[in-house]
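Enquirer: Listed in order, the protein sequences are those of chains F and G.
Residue 5 is where the first sequence starts when you use this note's numbering, and the numbers rise one by one after that.
Residue 133 is where the second sequence starts when you use this note's numbering, and the numbers rise one by one after that.
I have a structure here, written as structure tokens, and I will follow up with some questions on it.
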Amino acid sequence: MAANENSQPEATISLEVFRYCPEQEDEPRFQTYEVPYREDWVVLDALNYIKDKIDGSLTYRWSCRMGVCGSCGMMVNGEPKLTCAAFLRDYHPALIRVEPLSYFPVIRDLVINMEGFLDKLTEVKAWLVPKEEKPVSEGEYLQTPAELAKYKDFSMCINCMLCYSACPVFGHHEEFLGPAVIALAQRYNLDSRDGGADERAEAIFSHEGIWECTFVGDCSRVCPKNVDPAGAIQQAKVTATKDFYRSVLVPWGK
Amino acid sequence: MSDQETKTKEYRRPMPADWWLKKRTYSLFMVRELTCVFVGGYSLILLILASRIGDQESVTAMLNSKTLSVLQLIALPMVIYHTVTWLNLTPKVLVLWRGEERVNPLLIAAVHYVAWIGVSIVILCVVFAYG
Chain F
5 MAANENSQPE
15 ATISLEVFRY
25 CPEQEDEPRF
35 QTYEVPYRED
45 WVVLDALNYI
55 KDKIDGSLTY
65 RWSCRMGVCG
75 SCGMMVNGEP
85 KLTCAAFLRD
95 YHPALIRVEP
105 LSYFPVIRDL
115 VINMEGFLDK
125 LTEVKAWLVP
135 KEEKPVSEGE
145 YLQTPAELAK
155 YKDFSMCINC
165 MLCYSACPVF
175 GHHEEFLGPA
185 VIALAQRYNL
195 DSRDGGADER
205 AEAIFSHEGI
215 WECTFVGDCS
225 RVCPKNVDPA
235 GAIQQAKVTA
245 TKDFYRSVLV
255 PWGK
Chain G
133 MSDQETKTKE
143 YRRPMPADWW
153 LKKRTYSLFM
163 VRELTCVFVG
173 GYSLILLILA
183 SRIGDQESVT
193 AMLNSKTLSV
203 LQLIALPMVI
213 YHTVTWLNLT
223 PKVLVLWRGE
233 ERVNPLLIAA
243 VHYVAWIGVS
253 IVILCVVFAY
263 G
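Laid out in structure tokens, this is it:
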């Protein structure tokens, strides 16, 4: 690929990237890299170019590069984004600032500690607890399209945690269960095949759960899969309130 | 080698005191929350006025008070902003299903707006009829 004598200099774009190398420094710093500008490149492509051709020490997570795995979430110019879905052309020619997801502890460079999130998923039992146990020989659990529609949006969560980086409540209280975990709990609570709502109630209807949410709503705005976790939390608040009044007014009933 | 021995020191970024100025959505959220103060303040004025019914003099004094008028003029846009932001969120709370489809969220919000305006008109008619 010989360069044409009269060709224009190749267009570039600069990325200002958060670096944290704990064995070398106590404090993080920013490092600026100049990468080729391609119309069809996303921030992830730029990061891969940096790691490949400029600085192999840059550390970050990524996988599918098509917006379904939830691995490549980072702050791009202060907004939580999947870097595989953030196009360079939307920022060019301005500088792009890349930082690790907000409100999480940083392990190295752009990699955050997500153990807390994973623990919370276990805490709310984010899996199907069948209402009635059936042996495989009896066939599938049947569900109508209308029953599916009730929780379908919440099942689209890819655990990318962009919503946590948008949530100022989580930013102040890391024990808050958070948008994704509550949306996933609701995904199962609203599933007609599930009978685990009571088991989940203690975790969700708590001060680290739905009642910590002040409905800022930014979580739903940044969600790349239109899960609407804010909606899930408010629906859970309505359910919890109804259950409370029912238990007070009709204590003998279910 | 155990995890504890090889674990490097994590960096925790501090949460700035002016966090709500960093993002437009955060600032709008804080404005919405602060309007509650004006809602509360106006409710207080109304309650005091209501408690003085029968005492014609003090009611007239309150209604003619320039200070209270100015306070209420400041409170009015705050209360309207408060109302509009919360009415717009009602579809997130009131989720109704018709088969596989959700009842249109705009319809849910619209019904609340109509109710708000309807009740306001009734109250205004009552106030002007007896005022």
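For each residue, glycine too, the CB sits at the ideal point set by N, CA and C.
Since the structure is predicted, the reported quantities are computational estimates derived from the model, not experimental observations.
Among G/Lys139, G/Ile253 and G/Val227, whose alpha-carbon lies nearest the alpha-carbon of G/Ala241?
Expert: Cα-wise, what sits closest to G/Ala241 is G/Val227.
Enquirer: At a cut of 8 angstroms, does the segment 137–157 of chain F reach the segment 44–59 of chain F through at least three beta carbon pairs?
Expert: In short, these stretches do not touch, since the Cβ pair count stays below three.
Enquirer: F/His176 CB to nearest chain G CB: under 8 angstroms?
Expert: True, the Cβ-Cβ gap to chain G drops below 8 angstroms.
Enquirer: Looking at the structure shown, is F/Phe219 part of a helix, part of a strand, or coil, going by DSSP?
Expert: The answer is coil: DSSP assigns F/Phe219 none of H, G, I, E or B.
Enquirer: Would F/Asn81 and F/Ile100 be called neighbours here (beta carbons separated by less than 8 angstroms)?
Expert: Contact: yes.
Enquirer: When the Cα of F/Leu105 is compared with those of F/Arg69, F/Ala50 and F/Pro172, which residue comes out closest?
Expert: Looking at the Cα atoms, F/Pro172 is the closest of the given residues.
Enquirer: Among F/Arg204, F/Asn193 and F/Ala170, whose alpha-carbon lies nearest the alpha-carbon of F/Val226?
Expert: The residue with the shortest Cα to Cα distance from F/Val226 is F/Ala170.
Enquirer: I'd like to know whether the C-beta of G/Met133 is nearer than 8 angstroms to at least one C-beta of chain F.
Expert: A caution first: G/Met133 carries a pLDDT of 44, below 50, which makes its placement in the model unreliable, though a value can still be read off. No, no contact with chain F.
Enquirer: Counting only Cβ pairs nearer than 7 angstroms, list the residues of chain G close to F/Ala244.
Expert: In chain order: nothing, as chain G lies at least about 12 angstroms away.
Enquirer: In the DSSP assignment, what residue or residues form a beta bridge with F/Val46?
Expert: According to DSSP, F/Val46 bridges with F/Phe91.
Enquirer: Identify whether G/Ser134 lies in helix, strand or coil by the three-state DSSP scheme.
Expert: The pLDDT assigned to G/Ser134 is 47, lower than 50, so where the model puts this residue is not dependable, and the model offers no usable value.
Enquirer: Starting from the N-terminal side, write out each stretch of the alpha helix (DSSP H) that is 4 residues or longer and does not extend beyond the segment 173–253 of chain F.
Expert: List check, alpha helix (DSSP H) in window: 183–193, 201–208, 222–226 and 233–253.
Enquirer: Report the partner residues of G/Trp296 according to the DSSP bridge assignment.
Expert: Residue 296 of chain G falls outside the range modelled here, since chain G spans only 133 to 263, and no answer is possible.
Enquirer: Let me know if G/Phe170 comes out buried or exposed under the rule of 16 or more other beta-carbons within 10 Å of its beta-carbon.
Expert: G/Phe170 should be labelled buried.
Enquirer: For F/Ala240 and G/Met210, what's the separation of their Cα atoms in angstroms?
Expert: Taking the straight line from one Cα to the other gives about 29 angstroms.
Enquirer: Figure out for me which residue from F/Gly213, F/Lys229, F/Glu206 and F/Asp157 has the closest Cα to the Cα of F/Leu194.
Expert: Answer by Cα proximity: F/Asp157.
Enquirer: Please list the segments of the alpha helix (DSSP H) lying wholly inside the segment 172–212 of chain G, counting only runs of 4 or more residues, in order along the chain.
Expert: The qualifying runs are 188–196.
Enquirer: Could you tell me which residues DSSP pairs with F/Leu19 in its beta bridges?
Expert: Answer is F/Tyr37 and F/Ile100.
Enquirer: So with CB distances below 7 angstroms, who are the chain G contacts of F/Asp222?
Expert: Near F/Asp222 (Cβ distances below 7 angstroms), the residues of chain G are Thr157.
Enquirer: Can F/Ala207 and F/Glu144 be called in contact, C-beta distance under 8 angstroms?
Expert: No, the Cβ-Cβ distance between F/Ala207 and F/Glu144 is not below 8 angstroms.
Enquirer: Quick check: is the beta carbon of G/Thr167 nearer than 8 angstroms to any beta carbon in chain F?
Expert: Closer than 8 angstroms: no.
Enquirer: Could one say the Cβ of G/Tyr143 lies closer than 8 angstroms to chain F's Cβ atoms, at least one of them?
Expert: G/Tyr143 counts as touching chain F.
Enquirer: In the segment 229–240 of chain G, which residues sit with their C-beta less than 8 angstroms from some C-beta in chain F, listed in chain order?
Expert: Against chain F - using a Cβ distance shorter than 8 angstroms - the residues of the segment 229–240 of chain G are Trp229, Gly231, Glu232, Glu233 and Arg234.
Enquirer: For F/Tyr249, does the count of other Cβ atoms within 10 angstroms reach 16, so buried, or fall short, so exposed?
Expert: Exposed: under 16 other Cβ atoms inside 10 Å.
Enquirer: If we call anything under 8 angstroms between Cβ atoms a contact, is F/Leu86 one with F/Pro255?
Expert: No, Cβ-Cβ distance for F/Leu86 and F/Pro255 is not below 8 angstroms.
Enquirer: Given a limit of 9 angstroms on CB to CB distance, which residues of the segment 203–219 of chain F reach chain G?
Expert: So the list reads Thr218 and Phe219, given in the order they occur along the chain.
Enquirer: Starting from F/Leu132 and walking both ways along the beta strand (DSSP E), at which residues does that stretch end?
Expert: Where F/Leu132 is concerned, there is no enclosing beta strand (DSSP E), given that its DSSP letter is neither H nor E.
Enquirer: Can you pull the chain B neighbours of F/Asn117, defined as C-beta to C-beta under 8 angstroms?
Expert: Absent here is chain B; the protein component of the structure consists of chains F and G.
Enquirer: What are the residues that DSSP puts in a beta bridge with F/Glu83?
Expert: Looking at the DSSP assignment, F/Glu83 forms a beta bridge with F/Val80.
Enquirer: To the nearest angstrom, how far is the alpha carbon of F/Tyr41 from that of F/Ala15?
Expert: For F/Tyr41 and F/Ala15, the distance between alpha carbons rounds to 5 angstroms.
Enquirer: For chain F, is any of its Cβ atoms less than 8 angstroms away from the one on G/Leu221?
Expert: So yes, G/Leu221 belongs to the interface.
Enquirer: What residues of chain G sit near F/Ile58, judged by a beta carbon separation below 7 angstroms?
Expert: Neighbours of F/Ile58 on chain G: none; closest Cβ ~23 angstroms, over 7 angstroms.
Enquirer: Is G/Tyr143 helix, strand or coil when you go by DSSP?
Expert: G/Tyr143: strand per DSSP, three-state reduction.
Enquirer: Just the C-alpha distance for F/Ile111 and F/Met160, rounded to the nearest angstrom, thanks.
Expert: Approximately 28 angstroms, taken between the alpha carbons.
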